[in-house]
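Protein chains: 2
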Amino acid sequence: MFNKILIVGCGLIGSSILRASIKKKISKKVYILEKSNSHIKQIKKLKLKCEILKDLKTQIPNLDMIIFCTHLSEYTKILKKFDKYIGRNTIITDVGSSKEKILKNIKTNIGKKVNWVSSHPIAGSEVSGPKFGDENLFLNKWCVLIKDKNTKKKHIKIISKFWSKIGSKIVFMNSKEHDHIFSITSHIPHLVAYNMVKTAMNFEKKKKSNIVKFSAGGLRDFTRTAASNEVMWKDIFLNNKENIIKGIDLFMNNMREFKRLINMKNEKKLIKIMKDSKKIRKKIISSKQDVNLPDFGRR
Amino acid sequence: MFNKILIVGCGLIGSSILRASIKKKISKKVYILEKSNSHIKQIKKLKLKCEILKDLKTQIPNLDMIIFCTHLSEYTKILKKFDKYIGRNTIITDVGSSKEKILKNIKTNIGKKVNWVSSHPIAGSEVSGPKFGDENLFLNKWCVLIKDKNTKKKHIKIISKFWSKIGSKIVFMNSKEHDHIFSITSHIPHLVAYNMVKTAMNFEKKKKSNIVKFSAGGLRDFTRTAASNEVMWKDIFLNNKENIIKGIDLFMNNMREFKRLINMKNEKKLIKIMKDSKKIRKKIISSKQDVNLPDFGRR
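Chain order of the listed sequences is A and B.
This note's numbering applies: residue 2 is where the first sequence begins, and numbers increase by one.
This note's numbering applies: residue 2 is where the second sequence begins, and numbers increase by one.
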């Protein structure tokens, strides 16, 4: 499909793209740009076929595709250094979880016009690093491609073909719509999980109780979500600030109402809220977004 | 171990106790009190060795143990009907998730003195009904036994032996301590999950977006927790009201601080909060409360 592609940042997602690209013969040559020594060590140990670059001193002309798999806050900094290596036909994509602000930033900060088609594969995990990568990570998972006013059809076609080849199902959104939807399906849930774990830790410190021992009753699942990479999530929270603040306000209003119903012992309304929640669970299982096994099949 | 035991309510937990009791030969005879026709149908279909009672018209004298596996709000109602069948040596236990208020209620509302040793096995699931029961549900799981001032040692010994025989690890607490700890490890996390799902549903209705499709980014795991039985949780929220209200307030204070840090773009503090969360995750895994597999090993 390609002659030369470059993966910028080879953590969990980057290394999964590398593995899938090797498996599906996406490109004759795959370059990796990775600054972390521990990541480089892991990649070498895995013996994945690629050329590792530690910096941009080595010039690679005529790159077909560059995929940014770094933290959002590093995009423009790296892009500026890249500037002279990006050819007319080089298409750039990324895997970031927030879109509108970063696309504006790139437009404003990069002098040269770049062929950018933003992607967001809905795959990932609470663990980080190349050793956790998986060539099947994207298999049958949704990948959102951003189609804004200026996105060129021919570029979308190429990026779309790439994700399809490594197993993703494609869906199109504009960046505004993307940031709206993912604020509620992903960003607020992560913030809430971090906040729940923080609250539990405050409680543990105050009461000197061992809460870990009894975490299986609910808290445990929050700790998994709240074990995700902190720099990645700091970037997402700041990049999608407006939507997230609105979501926090909506969440807090509902929480106040929940508290009021408990205080007033309003059994009927409490039951209604909780019964309604099951509807969405049923939809999630019927649309194959989760398995219908108790406790995620953990027992 | 026993001659006659009675399980009151044969849903997920009751039927798991039934299965485990058969496997471990806990009692010569096991009676089940179950009013739901669909549950009775399931139990019969499973051909589990027990005698099913639909009401209390049939008298069973000399019961060794009664285990309440119904909703908390049904305890005193059923106990009142039971009154004349409870012998001097009958020990009563339950599996409820909230303790202090219900134990006070029983003391106040039941004329006769009953031998009650309250239990709370930390096992369960978002699914309900006897067909989901599992003879190994309690294996290597914690079971809290409530040791209050008036709890008799000889009764604790018997109930403790029962749980150990079906695989549980025993831990003792008083009812106050229990309700404190479980408000944060279980009750608030469930309330927060219900509230997150409600917020997502409000959003979906308003924006007319399909959030189910993209729920894998975080929301999905909340929907599992929020698919738990609504009557059970209404009862827990009302029975452990004081602790839960305090927990909601602590959670909301932290959420306001989180919002403030995002608004002020305080990167350092945001990273610190999220980094701290990982510590508790590590403890949960090292104490074998969860598996160290990405995404619960779901991939």
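Note that the Cβ used here is the ideal one computed from N, Cα and C, for glycine as well.
Just so we're clear, the structure is a prediction, and the values are computed from it rather than from any experiment.
| task | Inspect the CB distances between the region 186 to 204 of chain A and the region 238 to 254 of chain A and report whether three or more fall short of 8 Å. | result | Contact between the region 186 to 204 of chain A and the region 238 to 254 of chain A is present, because at least three Cβ pairs lie under 8 Å.
| task | For chain C, find out if any of its Cβ atoms is closer than 7 Å to the Cβ of T224 of chain B; answer yes or no. | result | Considering every chain present, this structure includes no chain C. Its protein chains are A and B.
| task | Let me know the secondary structure DSSP gives M265 of chain A once reduced to three states. | result | The three-state secondary structure of M265 of chain A, taken from DSSP, is coil.
| query | Can you tell me whether DSSP reads I285 of chain A as helix, strand or coil? | reply | In the three-state reduction of the DSSP assignment, I285 of chain A falls in the helix class, which pools H, G and I.
| request: Kindly indicate which three-state DSSP category F3 of chain A falls into: helix, strand or coil? | output: Note: F3 of chain A maps to strand in three-state DSSP.
| field | Where S295 of chain A meets chain B, residues with beta-carbon distance less than 7 Å | value | The amino acid at residue 295 of chain A is misidentified as Ser; the sequence shows Pro. One finds S126, E127, V128, F133 in chain B with Cβ atoms closer than 7 Å to the Cβ of P295 of chain A, taken in chain order.
| Closer than 7 Å at the beta carbon, the chain A residues around R221 of chain B | Going along chain A in sequence order, the residues near R221 of chain B (Cβ under 7 Å) are I285, Q290, D291.
| said: So D56 of chain B contacts chain A; which residues on that side make the cut at Cβ distance below 8 Å? | reply: Ordered by position in chain A, no residue passes the 8 Å Cβ test against D56 of chain B, which lies about 25 Å from the chain.
| query | Do P295 of chain B and S129 of chain A have their CB atoms nearer than 7 Å? | reply | No, the Cβ-Cβ distance between P295 of chain B and S129 of chain A is not below 7 Å.
| Counted within 10 angstroms of its Cβ, other Cβ atoms place N116 of chain A as buried (16 or more) or exposed | So N116 of chain A ends up on the buried side.
| task | Measuring alpha carbon to alpha carbon, tell me which of A:D180, A:L54, A:S161 ends up nearest I171 of chain A. | result | If we check each option's Cα against that of I171 of chain A, A:S161 comes out closest.
| How about W301 of chain A: is its C-beta nearer than 7 Å to some C-beta of chain B? | For residue 301 of chain A there is no data in the structure shown, the boundaries of chain A being 2 and 300.
| Taking only runs of the alpha helix (DSSP H) that begin and end inside the region 220 to 260 of chain B, which ones reach a length of at least 4 residues, in chain order? | The qualifying runs are 220 to 226, 231 to 240.
| query | When Cβ atoms are compared, which residues of the region 184 to 197 of chain B fall closer than 8 Å to chain A? | reply | Legend: CB atoms of the region 184 to 197 of chain B lying less than 8 Å from CB atoms of chain A belong to residues I185, T186, S187, H188, I189, P190, H191, L192, V193, A194, Y195, N196, M197.
| request: Examine chain B for any beta-carbon lying closer than 7 Å to the beta-carbon of T71 of chain A, and answer yes or no. | output: Residue-level contact by beta carbon fails for T71 of chain A and chain B, as no gap is shorter than 7 Å.
| message | Please list the terminal residues of the continuous beta strand (DSSP E) segment that includes S120 of chain B. | response | For S120 of chain B, the enclosing beta strand (DSSP E) covers residues 120 to 122.
| Which of the three DSSP states, helix, strand or coil, is assigned to V292 of chain B? | Note: V292 of chain B maps to coil in three-state DSSP.
| message | Under 7 Å, CB to CB, which of the residues in the region 197 to 219 of chain B have a partner in chain A? | response | Correct list: M197, V198, K199, T200, A201, M202, N203, F204, K208, S210, I212, V213, K214, F215, S216, A217, G218, G219.
| Proximal residues to K29 of chain B (C-beta, below 6 Å), its chain only, five neighbours per side dropped | Closer than 6 Å at the Cβ level, and outside the excluded window around K29 of chain B, lie N4.
| message | Which residue wins for smallest C-alpha separation from K266 of chain A, given the options B:K289, B:R225, B:D236? | response | Closest option to K266 of chain A, Cα to Cα, is B:D236.
| Is the CB of V255 of chain A under 7 Å away from at least one CB in chain B? | It should be noted that the sequence gives Asn, not Val, for residue 255 of chain A. Closer than 7 Å: yes.
| I301 of chain A and S210 of chain B: beta carbons closer than 7 Å? | Residue 301 of chain A is absent from the structure shown; chain A starts at 2 and stops at 300.
| task | Quickly, what does DSSP pair D116 of chain A with across the bridge? List them, please. | result | The residue asked about is misnamed: residue 116 of chain A is Asn in this sequence, not Asp. DSSP, once it has assigned bridges, lists A:I92 as partnering N116 of chain A.
| request: Would you mind reading off the limits of the alpha helix (DSSP H) that contains E101 of chain B? | output: E101 of chain B -> alpha helix (DSSP H) spans 101 to 110.
| How long is the line joining the alpha carbons of S16 of chain A and I79 of chain A, rounded to whole angstroms? | Taken atom to atom, the span from the alpha-carbon of S16 of chain A to that of I79 of chain A is near 19 Å.
| S28 of chain A in three-state terms, based on DSSP | If DSSP states are grouped into helix, strand and coil, S28 of chain A belongs with the strands.
| Going by other Cβ atoms of all chains shown within 10 Å of its Cβ, with 16 needed for buried, is G10 of chain B buried or exposed? | Buried, since its Cβ has 16 or more Cβ neighbours within 10 Å.
| Do S229 of chain A and I285 of chain B have their CB atoms nearer than 7 Å? | No. Outside cutoff.
| query | Is the beta carbon of D149 of chain B less than 7 Å from the beta carbon of S184 of chain B? | reply | No Cβ-Cβ contact shorter than 7 Å links D149 of chain B with S184 of chain B.
| field | N-terminal and C-terminal residue of the beta strand (DSSP E) that E52 of chain A is part of | value | Boundaries of the beta strand (DSSP E) harbouring E52 of chain A: 52 to 54, taken from the DSSP string.
| task | Report back the beta-carbon spacing between K81 of chain B and I111 of chain B to the nearest angstrom; my notes put them in contact at under 8 Å. | result | Taking a contact as a CB-CB distance under 8 Å, the pair K81 of chain B and I111 of chain B counts as one, their CB atoms being some 7 Å apart.
| task | Please report how far the alpha carbon of V145 of chain A lies from the alpha carbon of I123 of chain A, in whole angstroms. | result | Looking at the two C-alpha atoms, the distance is approximately 8 Å.
| said: How far does the alpha helix (DSSP H) with L80 of chain B in it extend, from its first residue to its last? | reply: Under the DSSP assignment, L80 of chain B falls in the alpha helix (DSSP H) whose first and last residues are 76 to 83.
| task | Output the distance between the C-alpha atoms of I6 of chain B and M202 of chain A, rounded to the nearest integer angstrom. | result | Distance between the alpha carbons of I6 of chain B and M202 of chain A is about 41 Å.
| request: Could you say which of B:I159, B:F238, B:D277 lies nearest to K269 of chain A if we only look at CA atoms? | output: Ranking B:I159, B:F238, B:D277 by Cα distance to K269 of chain A puts B:F238 first.
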